[in-house]
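Q: Numbering (the working numbering), first residue to last: 1198 to 1621.
We treat Cβ as the ideally placed atom computed from N, Cα and C, and that holds for glycine.
#1: So, with DSSP's three-state summary, where would you put residue 1217?
#2: Can residue 1341 and residue 1264 be called in contact, C-beta distance under 8 Å?
#3: Would you identify the three-state DSSP class for residue 1364, choosing helix, strand or coil?
#4: Classify residue 1333: buried if its beta carbon has 16 or more other beta carbons within 10 angstroms, exposed otherwise.
#5: If we count the other Cβ atoms within 10 Å of its Cβ and call it buried at 16 or more, is residue 1622 buried or exposed?
#6: Would DSSP call residue 1307 helix, strand or coil?
#7: Pull up the CB-CB distance for residue 1503 and residue 1457, whole angstroms please, since I reckon it's below 8 Å.
#8: Quick test of the definition: if touching needs 3 or more C-beta pairs under 8 Å, does the segment 1292-1305 touch the segment 1362-1371?
#9: Should residue 1358 and residue 1563 be called a contact, given that it needs their Cβ atoms to be closer than 8 Å?
#10: May I ask you to report which of helix, strand or coil DSSP gives residue 1440?
#11: Just the C-alpha distance for residue 1393 and residue 1274, rounded to the nearest angstrom, thanks.
#12: Would DSSP call residue 1235 helix, strand or coil?
#13: State the DSSP-derived secondary structure class of residue 1337, mapped to helix, strand or coil.
#14: Judging by CA-CA distance, which residue of 1557, 1309, 1267 is the nearest neighbour of residue 1595?
#15: At the level of alpha carbons, what is the spacing between residue 1177 and residue 1390?
#16: Please confirm whether residue 1325 and residue 1385 have their CB atoms less than 8 Å apart.
#17: From which residue to which residue does the alpha helix (DSSP H) around residue 1261 run?
#18: Tell me whether the beta-carbon of residue 1216 lies closer than 8 Å to the beta-carbon of residue 1459.
#19: Roughly how far, in whole angstroms, is the beta-carbon of residue 1259 from the beta-carbon of residue 1421, given that I think they are within contact range, below 8 Å?
#20: How far does the alpha helix (DSSP H) with residue 1518 in it reach, from first residue to last?
#21: Going by Cα to Cα distance, which pick from 1542, 1351, 1388, 1367 is closest to residue 1375?
#22: Between residue 1613 and the rest of its own chain, which residues show a CB-CB distance below 7 Å, the 5 nearest in sequence each way excluded?
#23: Between residue 1535 and residue 1590, how many whole angstroms is the CB-CB distance? I'm expecting something under 8 Å.
#24: Going by other Cβ atoms of all chains shown within 10 Å of its Cβ, with 16 needed for buried, is residue 1494 buried or exposed?
#25: Is residue 1617 helix, strand or coil when you go by DSSP?
#26: Tell me, please, whether the CB atom of residue 1367 is closer than 8 Å to any CB atom in chain B?
#27: Could you tell me whether the Cβ atoms of residue 1587 and residue 1532 are closer together than 8 Å?
#28: Report the start-end ranges of each alpha helix (DSSP H) in the segment 1535-1588 that is 4 residues or longer and not cut off at the edges.
#29: Starting from residue 1481 and walking both ways along the alpha helix (DSSP H), at which residues does that stretch end?
#30: Excluding the 5 residues flanking residue 1220 on each side, which residues of the same chain have their C-beta closer than 7 Å to its C-beta?
#31: Residue 1427 by DSSP, collapsed to three states: which one?
#32: Leaving out five residues on either side along the sequence, give the residues of the same chain with a beta carbon under 7 Å from the beta carbon of residue 1295.
#33: Buried or exposed: where does residue 1507 fall if 16 or more other Cβ atoms within 10 Å of its Cβ makes it buried?
#34: Since I believe residue 1383 is in contact with residue 1344 (beta carbons under 8 Å), could you give me their beta-carbon distance rounded to a whole number of angstroms?
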């Protein structure tokens, strides 16, 4: 299935509009924390948010992408898919809680902040009730995007309430709780209406049961966990191996870089359901050199702009104490063109049922990052984390490109010999 530019732009707008709103409120929370409460509070909040982010792939453990892919391919079997997927997500959520407690105990924080870290992060298990993956697979991109703004809005309301009534940590925990509950309720209402509109629902499609086998979804889950570890393990390791100030400076620099990736993640997210339906010839066209050249040019231009204005940007956005993060932002800025390439390739490979390849690539990159961090963070702090991130991106890109060359060769052979796609 070829993707028309007009349809792609429309999907990016629908999916990205809500993501854009969510990012605005998320950044507003961090900006206010930075200006009003300082570097340490930004660091602790960044740790809590990062732990919550890790709960999502643990709860999904491959089910989000596999489920979205199945709904995209078998829309009339959506009810059976949702029932099977959600049952597994509830079980995974209950298994994730001990890991949150363990990390909160290991973090180098005062006892009160440890309690906040655990309480705030634990609320993330409510993500198991969310049906965002079903809306995504159904290409209801506006809903899937807009509902993402609910939690940041509730957190911002909680922060504003704390300015008037005090007790910041309690209000942040309450705002997070309300946000997750409202988000799950919105998706539940949508699903009840969507399910009634499915004409002649099908049950028992053999491919559904096979795709949701633990052996297959666990590979997807491990691949996504490895990819997340590659992207965010630095903050978690700083929380254990360094101090909150180092976490706060690194978190500020990383958040600015992450905001510039917003529009690009809208593109890859909107592409996923359509990539999942491609045959081998269409996959080969998505790996053309001119696509990668365009990504490098755009990413490099953004990197040079960010590097040039890093000091005033940090000072205006977070406050003067965060200007100390300028050297970190200089290094992380040049992650942009590398991330453009790695995100595009990993998203495409997952959509093409190449979870094993993504798992191997992400595990190699994340492993190199973790080893480098263990060796250097205790001595050099956040600067070591930034350098190691840049190095590990080159490692990740290298193994992804090598995997892509194998896909191109296999697709060419299949086209010549007319082999079925399932052989690839």
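A: In short:
#1: As a working note, residue 1217 is residue 20 in the chain shown. The answer is helix: DSSP assigns residue 1217 an H, G or I state.
#2: Along the chain shown, read from residue 1 onward, the residue named residue 1341 stands at position 144. Along the chain shown, read from residue 1 onward, the residue named residue 1264 stands at position 67. The criterion of a C-beta distance shorter than 8 Å is not satisfied by residue 1341 and residue 1264.
#3: The count along the chain shown starts at 1 and reaches residue 1364 at position 167. Reduced to three states, the DSSP call for residue 1364 is coil.
#4: Position 136 of the chain shown holds residue 1333. Of the residues assessed, residue 1333 falls on the buried side of the cut-off, its CB having 16 or more other CB atoms within 10 angstroms.
#5: The structure shown does not extend to residue 1622, since the chain is modelled only from 1198 through 1621, so no value can be given for it.
#6: Within the chain shown, numbered from 1, the residue matching residue 1307 stands at position 110. Note: residue 1307 maps to coil in three-state DSSP.
#7: If you number the chain shown from 1, residue 1503 lands on position 306. If you number the chain shown from 1, residue 1457 lands on position 260. The pair is a contact, with the Cβ atoms about 7 Å apart (cut-off 8 Å).
#8: No, they do not touch.
#9: Here residue 1358 refers to the residue found at position 161 when the chain shown is read from its first residue. Here residue 1563 refers to the residue found at position 366 when the chain shown is read from its first residue. In this structure, the beta-carbon distance from residue 1358 to residue 1563 does not fall below 8 Å.
#10: Counted from its first residue, the chain shown places residue 1440 at position 243. For residue 1440, the three-state secondary structure derived from DSSP is coil.
#11: Along the chain shown, one-based indexing puts residue 1393 at 196. Along the chain shown, one-based indexing puts residue 1274 at 77. Roughly 12 Å between the two C-alpha positions.
#12: For the purposes of this step, residue 1235 is taken as residue 38 along the chain shown, with counting starting at 1. Three-state result, residue 1235: coil.
#13: Residue 1337 sits at position 140 when you count from the first residue of the chain shown. In the three-state reduction of the DSSP assignment, residue 1337 falls in the coil class, being assigned neither a helical nor a strand state.
#14: To locate residue 1595, count along the chain shown from 1; it is residue 398. If you compare the alpha carbons of 1557, 1309, 1267 with that of residue 1595, the shortest gap goes to 1557.
#15: The displayed coordinates of the chain run from 1198 to 1621. Any statement about residue 1177 would go beyond what the structure contains.
#16: Indexing the chain shown from 1 puts residue 1325 at position 128. Indexing the chain shown from 1 puts residue 1385 at position 188. Here residue 1325 is not near residue 1385, since their CB atoms are 8 Å or more apart.
#17: Numbered from its first residue, the chain shown carries residue 1261 at position 64. Membership of residue 1261 in the alpha helix (DSSP H) is indicated by the continuous run 1260-1270.
#18: Here residue 1216 is taken as the residue at index 19 of the chain shown, counted from 1. Here residue 1459 is taken as the residue at index 262 of the chain shown, counted from 1. Their beta carbons are under 8 Å apart, which means residue 1216 touches residue 1459 by this criterion.
#19: In the chain shown, the residue the question calls residue 1259 occupies position 62. In the chain shown, the residue the question calls residue 1421 occupies position 224. Taking C-beta atoms under 8 Å as the contact rule, residue 1259 and residue 1421 qualify, at a distance of about 6 Å.
#20: Indexing the chain shown from 1 puts residue 1518 at position 321. Here residue 1518 belongs to no alpha helix (DSSP H), and DSSP marks it neither H nor E.
#21: Within the chain shown, residue 1375 is the residue found at index 178, counting from 1. Taking only the C-alpha atoms, the option nearest residue 1375 is 1351.
#22: The residue given as residue 1613 occupies position 416 in the chain shown. Low local confidence applies: a pLDDT of 40 at residue 1613 is under 50, so the model's placement there is unreliable, and no value is given.
#23: For this step, residue 1535 is matched to residue 338 along the chain shown. For this step, residue 1590 is matched to residue 393 along the chain shown. Confirmed, Cβ separation roughly 4 Å.
#24: Position 297 of the chain shown, counted from the start, is the residue given in the question as residue 1494. Exposed is the call here.
#25: The residue given as residue 1617 occupies position 420 in the chain shown. Residue placement at residue 1617 cannot be trusted, given a pLDDT of 42 that sits under 50; what the coordinates show is reported in the next sentence. The answer is coil: DSSP assigns residue 1617 none of H, G, I, E or B.
#26: Among the protein chains of the structure shown there is no chain B, as only one such chain exists.
#27: Translated into the one-based positions of the chain shown, residue 1587 becomes position 390. Translated into the one-based positions of the chain shown, residue 1532 becomes position 335. Cβ distance < 8 Å, so residue 1587 and residue 1532 count as in contact.
#28: Taken in chain order, the whole alpha helix (DSSP H) runs of length 4 or more contained in the segment 1535-1588 are 1552-1577.
#29: For the purposes of this step, residue 1481 is identified with residue 284 of the chain shown, where counting begins at 1. Run containing residue 1481: 1477-1482, per the alpha helix (DSSP H) assignment.
#30: What you label residue 1220 is simply residue 23 of the chain shown in a count that begins at 1. Around residue 1220: 1456, 1459.
#31: On the chain shown, position 230 is the one that residue 1427 refers to. Look at residue 1427 here: in three-state DSSP terms it is helix.
#32: Here the question's residue 1295 lines up with position 98 in the chain shown. Nothing meets the Cβ criterion.
#33: Reading the chain shown from its first residue, position 310 is the one you call residue 1507. Label assigned to residue 1507: buried.
#34: By 1-based counting over the chain shown, the position of residue 1344 is 147. By 1-based counting over the chain shown, the position of residue 1383 is 186. Contact between residue 1344 and residue 1383 holds: their C-beta atoms lie close to 5 Å from each other, under 8 Å.
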